[in-house]
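In my numbering, the protein residues as written are 3 to 193.
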């Protein structure tokens, strides 16, 4: 696609990365409920159809946003500790990546087509559990349980007003929940 006009001047060519960056900015500004491809197109100085050249639907664009969030979680370094410490670090990285974006947890929860980074994040989690001794099915199930807890907690944190509580209190609540999940997995891993 060529250059788009922006206030009478030519601007940077529209491509997937430009659309994704603008979508992330709009999400942070207005949240998921007010997120709109029409508003996004207007902000970019193009018609809505130009967005669909790069992302075939609003859901595909939101999946790309989710993939961006998952990439941040997958890139977080892991400590050298035991499986439980590494699992807790993955849970914190997952939560932090979602909290970095307004309604990030809802975007992740509504993802329809996980991409390579979402798969990489989950495979990293499953890998820690496999190294700890769980078989493939057990590790995948345990990974689902942990990510479900993290997603659910973070949805509540972002959407239900937990943000009004102190950060230290939210951290304690989150850490307690992760420790409960890990305690539940311990007999399976170490048994």
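Using N, Cα and C, we set each Cβ at its ideal position, and we do this for glycine too.
These numbers come from a predicted model, not from an experiment.
- By the C-beta criterion, the segment 83 to 93 is judged to be in contact with the segment 172 to 189, since at least 3 inter-stretch pairs fall below 8 Å.
- Straight-line measurement puts the Cα of residue 110 at about 27 Å from the Cα of residue 48.
- With contacts defined by Cβ atoms closer than 8 Å, residue 149 and residue 97 do not form a contacting pair.
- Under the three-state reduction of DSSP, residue 79 is assigned to coil, being neither helix nor strand.
- Note on residue 18: under 16 other CB atoms within 10 angstroms of its CB, so exposed under the neighbour-count rule.
- When the Cα atoms are used, residue 66 and residue 123 turn out to be separated by approximately 15 Å.
- Nearest to residue 113 by C-alpha distance, out of 45, 102 and 61, is 61.
- Between residue 99 and residue 160, the C-beta spacing is not below 8 Å.
- Of the residues assessed, residue 145 falls on the buried side of the cut-off, its CB having 16 or more other CB atoms within 10 angstroms.
- With a minimum length of 4 residues, the unbroken runs of alpha helix (DSSP H) contained wholly in the segment 62 to 131 fall at 85 to 101 and 106 to 111.
- The beta carbon of residue 23 sits closer than 8 Å to none of the beta carbons in its chain outside the five residues before and after it.
- For residue 135, there is no enclosing alpha helix (DSSP H), as DSSP gives it neither H nor E.
- Straight across, the Cα-Cα distance linking residue 193 with residue 174 is about 28 Å.
- With contacts defined by Cβ atoms closer than 8 Å, residue 52 and residue 80 do not form a contacting pair.
- It is roughly 13 Å from the alpha-carbon of residue 187 to the alpha-carbon of residue 127.
- In the DSSP assignment, residue 178 falls within the unbroken alpha helix (DSSP H) covering 169 to 192.
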